[in-house]
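In what follows, a single structure is set out as structure tokens and then discussed.
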Amino acid sequence: MAIIRPATPADLPQVRAISTYYILNTALIFTQTSPPPAVFQAKYDDLKSRGLPYVVAVDEELTNAEDGADLVLGYAYLSPFRSHMLSYAATVELSLFVHPDHQSRSLGSRLLAAVLEAAPAVRHRAYEVTGSDEEPRKVFAGEKGESEGGLPLRNILAVMADHADQGKQRVFVAATALPGVHPDLPA
Numbered sequence: 001m002a003i004i005r006p007a008t009p010a011d012l013p014q015v016r017a018i019s020t021y022y023i024l025n026t027a028l029i030f031t032q033t034s035p036p037p038a039v040f041q042a043k044y045d046d047l048k049s050r051g052l053p054y055v056v057a058v059d060e061e062l063t064n065a066e067d068g069a070d071l072v073l074g075y076a077y078l079s080p081f082r083s084h085m086l087s088y089a090a091t092v093e094l095s096l097f098v099h100p101d102h103q104s105r106s107l108g109s110r111l112l113a114a115v116l117e118a119a120p121a122v123r124h125r126a127y128e129v130t131g132s133d134e135e136p137r138k139v140f141a142g143e144k145g146e147s148e149g150g151l152p153l154r155n156i157l158a159v160m161a162d163h164a165d166q167g168k169q170r171v172f173v174a175a176t177a178l179p180g181v182h183p184d185l186p187a
């Protein structure tokens with residue numbers, strides 16, 4: 001039985017393996033070679049420091065043959081959209097991938113539900129780097145004078161495809177505004 005839980009650094013080698021599959025076999029990830037493990041660790045650390053959710057679907061009854069850890073079946077996270085621009089601080093983008101051997105089992109839907117459930121409580125600690133090369137400093141987004149408290153998320157962007165592994169790539173771009181935090185939507 002698969003469960004959804006927060007990702008840990010121990011999950012990252014399997015996250016990288018899933019990502020590598022999509023890099024090599026689809027056009028969904030906009031790179032052509034798999035980044036080294038340190039890039040996945042840096043991304044994980046950055047998302048955690050910003051207060052953004054990063055979850056994995058694991059099967060606790062199955063283990064990864066390489067390290068004996070829970071078998072990661074898929075992963076999802078929210079990351080800053082145009083992170084170098086504070087005007088986009090309330091907008092994030094969704095990354096969600098399911099291992100090709102575990103598709104069509106509602107794992108993607110469950111990962112999406114977990115991220116969307118967490119989103120309204122997220123206070124995105126967004127920042128811009130300003131100053132000079134000698135004295136760079138972070139300017140944090142905040143409301144009512146809060147410098148590092150973060151902003152509530154208002155928008156989630158996603159790029160989705162169906163049947164990406166079957167050569168029938170149809171790509172969709174979707175955006176959702178979160179009810180209760182977006183000024184034009186009811187709570």
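Counting from 1, one number per residue, gives the positions in the sequence shown under the UniProt record's numbering.
Positions of the beta carbon are idealized from the N, C-alpha and C atoms, including for glycine.
On a predicted model such as this, the values are computed, not experimentally measured, just so you know.
With burial defined as no fewer than 16 other Cβ atoms inside 10 Å of the residue's Cβ, what is the status of GLU143: buried or exposed? Confidence is the limiting factor: at GLU143 the pLDDT is only 46, short of 50, which leaves the residue's position unreliable and the question unanswerable from this model.
Just list the beta strand (DSSP E) runs in the segment 46-85, keeping only unbroken ones of 3 residues or longer that don't cross its boundaries, in chain order. 54-63, 70-80
Between which residues of its own chain and LEU62 is the CB-CB distance below 6 Å, once the five residues before and five after are set aside? LEU71
Straight-line Cα distance separating ALA17 from GLU93: Whole-angstrom Cα-Cα distance: 21 Å.
In angstroms, rounded to a whole number, what distance separates the CA positions of ALA164 and TYR21? With a pLDDT of 49 at ALA164, under the threshold of 50, the predicted position of this residue should be treated as unreliable, though the coordinate-derived value follows. When rounded, the separation of the alpha-carbon atoms in ALA164 and TYR21 is 11 Å.
Does the beta carbon of ILE18 come closer than 9 Å to any beta carbon on chain B? Considering every chain present, this structure includes no chain B. It has just one protein chain.
What residues in its chain sit with their C-beta under 8 Å from that of ASP11, if we drop five residues either side in the sequence? Within the same chain, and ignoring the five residues on either side of ASP11 in sequence, the residues whose Cβ sits closer than 8 Å to its Cβ are VAL56, VAL58, ALA69, ASP70, VAL72, TYR75.
For ARG16, name the three-state secondary structure that DSSP assigns. It is helical.
Just curious, the beta strand (DSSP E) that SER95 is in, first and last residue? Element bounds for SER95: 91-98.
Whole-angstrom distance between SER34 and PRO120, CA atom to CA atom: 32 Å
ALA38 by DSSP, collapsed to three states: which one? helix
Coarse secondary structure for ALA27, derived from DSSP in three states: coil
For THR91, is the classification buried or exposed, using 16 other Cβ atoms within 10 angstroms of its Cβ as the cut-off for buried? buried
Looking at the strands, I want to know which residues DSSP matches up with ARG5. VAL56
Cα separation between PRO81 and VAL98? In the sequence under discussion, the amino acid at residue 81 is Phe, which differs from the Pro named in the question. For PHE81 and VAL98, the distance between alpha carbons rounds to 22 Å.
Closer than 6 Å by C-beta to ARG110: which residues in its own chain qualify, once you throw out the five before and the five after it? Chain order, please. ILE4
Using the beta-carbon count (16 or more within 10 Å), is TYR7 buried or exposed? A small correction: the amino acid at residue 7 is Ala; Tyr does not occupy that position in the sequence shown. Burial call: buried.
Buried or exposed by the 16-neighbour rule on C-beta atoms within 10 Å, applied to GLN32: exposed
Below 8 Å on the Cβ atoms is my guess for ALA2 versus LEU107; work out the distance and round it to an integer in Å. 6 Å
For the alpha helix (DSSP H) that contains ALA10, what are its first and last residues? Premise fails: ALA10 is in no alpha helix (DSSP H) and is neither H nor E.
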